[in-house]
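Top line first, the protein sequences correspond to chains A and B.
For what it's worth, my numbering labels the leading residue of the first sequence as 461, then goes sequentially.
For what it's worth, my numbering labels the leading residue of the second sequence as 17, then goes sequentially.
First up is the structure itself, then whatever we jot down about it.
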Amino acid sequence: MAMTRKQKRLVLIASAGAVLAIAAGLILFALSDKIVFFYTPSDITKQNIAAGSRVRIGGLVENGSVVRDASMNVTFRVTDTETSLTVHYKGLLPDLFREGQGVVAEGVYQGNSDVVADTVLAKHDENYMPKDVADALKKKGVWQGGKTQ
Amino acid sequence: MMVELGHFALIMAFATALIQTVIPMWGAIARDPGLAGMARYSAFVTFALVLIAYLALTFAYIGSDFSVANVAMNSHSTKPLMYKISGVWSNHEGSMLLWVMILVLFAALVALRGGGMPERLLASVLSVQGAIAGAFLLFILLTSNPFARLADVPLEGQGLNPILEDPGLAIHPPMLYLGYVGFSVAFSFAVGALVHGRIDAVWARFVRPWTLLAWIFLTLGIAMGSYWAYYELGWGGWWFWDPVENASLMPWLMGTALLHSTVVMEKRDALKVWTILLSILTFSLSLLGTFLVRSGVITSVHSFASDPARGVFILGILTLFIGGGLSLFAWRAPSLKQGGLFAPVSREGALVVNNLFLATSAVAVLVGTLYPLVLETLNGSKISVGAPYFNLTTVPLFVCLLMLVPFGQSLAWKRGDLMGVSQRLLAAFGIALLAMMATFAITRGGPVAAPLGLGLGVWLIAGSATDMITRCYRRGLSVSAVFERALGLPRSAWGTALAHAGMGITVIGISATAWGVESLAVVGKHQPLSVGPYTVSLEQAFKRKGEGFREDVAQFSVMEGADARGLIETSKRVHTGREMPTTEAGIVTYGLGQLYASVNEILPDGRVSIRFYWKPLVTLIWGGALIMALGGAMSLADRRVRIALSAKAKRPSAVKAEAKA
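Below, the structure is given as structure tokens:
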């Protein structure tokens with residue numbers, strides 16, 4: 461049973477359409493559900509972010525705020541010099557994590573200025589300030605660095 | 017002097033690239049063989065000039081000439097020779113020079129091997145290559161001059177960024193660039209065909225080896241980059257869905273689609289317009305990748321220093337070539353002779369499905385990579401699109417694609433017999449199912465996705481094996497006769513089987529990451545810590561000085577039950593010069609798995625805070641990629657593919673006859 465030219469073309473277009481529709485559906489769903497917004501500590505309090513949302517926060521590690529315990533739990537405060545948040549994290553911190561340096565943490569906002577992070581990033585370059593942090597701090601007028609090198 | 021010569025050669029190269037762009041294209045359009053003939057010579061001259069510039073910079077590095085700003089900032093007189101040479105591409109200026117050098121190298125190779133190509137096609141291909149080279153040479157000369165001198169010559173250089181000081185990273189960028197830039201040849205061929213107005217199986221025959229070559233290098237480059245990130249960054253992950261990684265994955269996905277569609281075009285003279293479009297898109301994604309990495313528009317854990325002027329310039333180049341290529345496509349493609357339609361159930365039908373899935377996954381990765389940029393531009397909100405997005409979009413597409421691969425591989429051209437193929441694949445399906453069930457039984461209560469993924473990997477491998485067996489084995493044949501038939505099969509058939517099996521191996525490796533075990537602890541001396549099947553205990557923690565660094569080392573012994581399995585060592589290293597700390601992971605391979613140690617801190621009381629991973633079957637991830645590349649190399653070695661590269665094939669008609677034979 462040979463297919464006519466028209467039928468062949470229909471099969472081709474229908475299967476392509478099906479794959480594209482599924483892909484578009486996946487992309488749209490993932491974009492609405494799986495992305496994480498970036499906030500500064502001030503944004504979190506000002507915008508009344510709901511407890512339980514997944515957030516990415518950035519700022520400076522507050523001096524003297526890093527507390528480690530024996531089972532590798534770390535607590536530190538992230539500040540944009542206006543407001544600060546407490547970040548709880550278990551695991552190894554990046555090599556360049558230091559007090560007074562820029563940091564980005566991703567995790568779940570617990571409400572009450574508390575974030576339980578599962579990822580903490582500091583860039584592998586001594587002059588590096590994460591771009592998001594630099595922009596946020598520049599807006600506050602705290603940090604004047606011209607280049608995010 | 018040498019440095020000025022290099023700079024001068026680079027300026028001259030820009031001039032010859034312009035000649036290479038204008039005159040051959042003129043010749044191709046005006047049908048003047050004399051002008052078109054200029055293409056090959058100008059391609060050779062441009063290559064020679066860029067090579068001189070590149071060698072001049074390399075010699076400045078080897079001779080530690082710190083009057084050159086680039087050398088002073090990225091090298092040190094005490095570096096081993098290998099890192100002086102690789103230091104050339106450790107920075108923006110030098111790596112752009114390497115990029116252009118590979119580009120003109122490909123143009124020169126096309127010129128060298130293109131004796132059998134129609135003169136007008138060769139002229140327009142080399143003209144487009146010249147235009148791309150010219151644009152990037154201008155970019156280097158205006159915004160990123162690697163030969164700039166310093167007024168105050170420092171006595172010593174600042175040294176290489178220590179995380180770049182690694183044999184893996186020394187060869188990773190050239191590999192990746194050979195892949196990225198190699199796709200420019202397919203782009204130039206597409207534009208050449210559009211200008212030329214003729215496109216047929218012969219065209220596909222010429223373009224396929226170049227695509228294959230670029231694909232092999234890109235596969236190796238990505239695998240190497242992934243392994244480097246795995247052991248150097250000390251996080252134990254092998255893929256981070258970082259924008260820079262996506263930048264290399266997108267051309268790989270599109271290029272893999274292109275590789276398969278050129279086969280359809282070559283064998284069946286179909287999918288022509290689509291293949292042209294894929295050629296343009298693949299290189300566009302390479303250019304986009306260059307833009308993302310070099311402009312710093314995206315926050316990435318990998319990105320080097322960035323400069324807005326450079327970003328705007330590359331964006332200009334990007335717009336020119338992608339926009340130009342696509343406009344030309346829109347204008348000329350309708351006038352190309354369409355290929356024929358074909359039966360949905362056939363090898364070519366299956367390859368269309370392959371193209372559909374690969375191209376859509378490339379688009380999914382593209383959307384996720386660019387969405388943060390678009391959203392920030394539109395309403396200023398900052399988002400991050402991470403692994404959850406990419407896993408959710410690409411994994412289902414890939415699972416569907418890979419389930420269909422063994423069918424496509426076994427279907428005949430023109431009209432496939434789906435029932436027959438299914439019967440032949442029954443054994444392979446049984447083996448995959450059995451492997452999956454057995455793994456389920458053994459790892460009862462473990463992650464569900466892992467046995468499923470393992471089954472999929474086995475299905476791919478068994479499917480490839482079935483295809484080879486049905487090609488060689490006939491009832492009643494002796495073993496030696498079967499062996500002879502196997503050797504007699506075209507190398508491209510072996511290449512396909514190897515590449516698909518390699519993909520299966522990688523899939524098994526990726527699935528097995530779900531069985532990985534992580535142990536985080538602060539341990540004292542001789543205090544045992546269990547990591548999967550192993551028990552580790554701290555033997556000693558001490559300080560050590562090495563060449564160019566000092567480090568705090570933690571040494572652990574590894575026991576499996578009662579058997580000692582050696583030592584594993586990890587350290588926190590501070591590199592003198594830049595005073596930059598890095599974690600040196602300790603990795604020991606047991607069978608196909610790896611034990612991975614990463615020290616966090618050595619406490620003043622001698623205890624060590626440490627992270628251990630047991631990663632079963634993890635080496636398969638990169639092993640599979642190597643086999644995929646080997647499969648590509650096997651196809652490239654096929655006589656029928658190679659003949660298109662050979663200068664001996666003078667007449668295209670001869671090649672065409674060969675194709676039908």
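We put the beta carbon where it would ideally sit given N, CA and C, even for glycine.
Predicted model only: the values in this text are computed from it and were never measured.
Taking all protein chains shown into account, residue 249(B) has 16 or more neighbouring C-beta atoms within 10 Å of its C-beta and is therefore buried. In this structure, the straight-line span from the alpha carbon of residue 296(B) to that of residue 465(B) is close to 37 Å. Judged by beta-carbon spacing, residue 624(B) lies within the 9 Å limit of residue 554(B), meaning their Cβ atoms are closer than that value. Distance check between residue 367(B) and each of 475(A), 464(A), 467(A) places 475(A) closest, using alpha-carbon atoms only. Residue state for residue 548(A) is assigned as strand, using DSSP reduced to three classes. Interface with chain B (9 Å Cβ-Cβ cutoff): residue 536(A) is excluded.
If you keep only unbroken alpha helix (DSSP H) runs of at least 4 residues inside the segment 168-226 of chain B, you get 183-212.
Below 8 Å, too few C-beta pairs join the segment 74-84 of chain B and the segment 38-58 of chain B to call them touching: fewer than three. By DSSP's assignment, residue 571(B) forms a beta bridge with 556(B), 585(B).
When 53(B), 145(B), 199(B), 595(B) are compared, the shortest CA-CA separation from residue 272(B) is found for 199(B). Listed along the chain, the chain B residues whose CB falls inside 7 Å of the CB of residue 487(A) are 380, 383, 409. Rounded to whole angstroms, the Cβ separation of residue 207(B) and residue 302(B) is 15 Å, and the two are not in contact under 8 Å. Looking at the backbone, the Cα of residue 600(B) and that of residue 532(B) are separated by about 20 Å. Excluding five sequence positions before and after residue 230(B), the CB atoms of its chain that fall closer than 6 Å to its own CB belong to 195, 198, 199, given in chain order. Here residue 631(B) is buried: its Cβ has 16 or more other Cβ atoms, across all protein chains shown, within 10 Å.
Under the Cβ distance rule, residue 83(B) does not count among the residues neighbouring chain A, no pair being separated by less than 9 Å. Between the C-alpha atoms of residue 122(B) and residue 408(B) there is a straight-line separation of about 37 Å. In the three-state scheme derived from DSSP, where H, G and I count as helix and E and B as strand, residue 572(A) is classed as coil. For residue 545(B), the pairing in a beta bridge is given by DSSP as 552(B). Of all residues in the segment 550-574 of chain A, only 550, 551, 552, 553, 554, 555, 556, 564, 566 place a beta-carbon less than 9 Å from a beta-carbon of chain B. For a Cβ distance threshold of 7 Å, residue set 405, 408, 409 of chain B lies close to residue 490(A), ordered along the chain. Distance from the CA of residue 519(B) to the CA of residue 537(A), rounded to the nearest whole angstrom, comes to 45 Å. Secondary structure note for residue 40(B): it is in no beta strand (DSSP E), and the uninterrupted alpha helix (DSSP H) holding it is 18-46. Shown here, residue 254(B) sits in coil according to DSSP, grouped into three states, outside any helix or strand.
In the same chain as residue 548(A), and ignoring 5 residues on each side of it, the C-beta atoms closer than 6 Å to its own belong to 535, 576, in chain order. With its beta carbon less than 9 Å from one in chain A, residue 588(B) belongs to the interface. Residue environment analysis places residue 347(B) among the exposed positions, since fewer than 16 neighbouring C-beta atoms fall within 10 angstroms of its C-beta.
At a cut-off of 9 Å, the C-beta of residue 509(A) has no neighbouring C-beta in chain B. Taking a beta-carbon distance threshold of 9 Å, residue 520(A) does not count as an interface residue toward chain B.
Straight-line measurement puts the Cα of residue 298(B) at about 33 Å from the Cα of residue 441(B). Under the three-state reduction of DSSP, residue 537(A) is assigned to strand.
Per DSSP, residue 559(A) lies in no beta strand (DSSP E) and is assigned neither H nor E.
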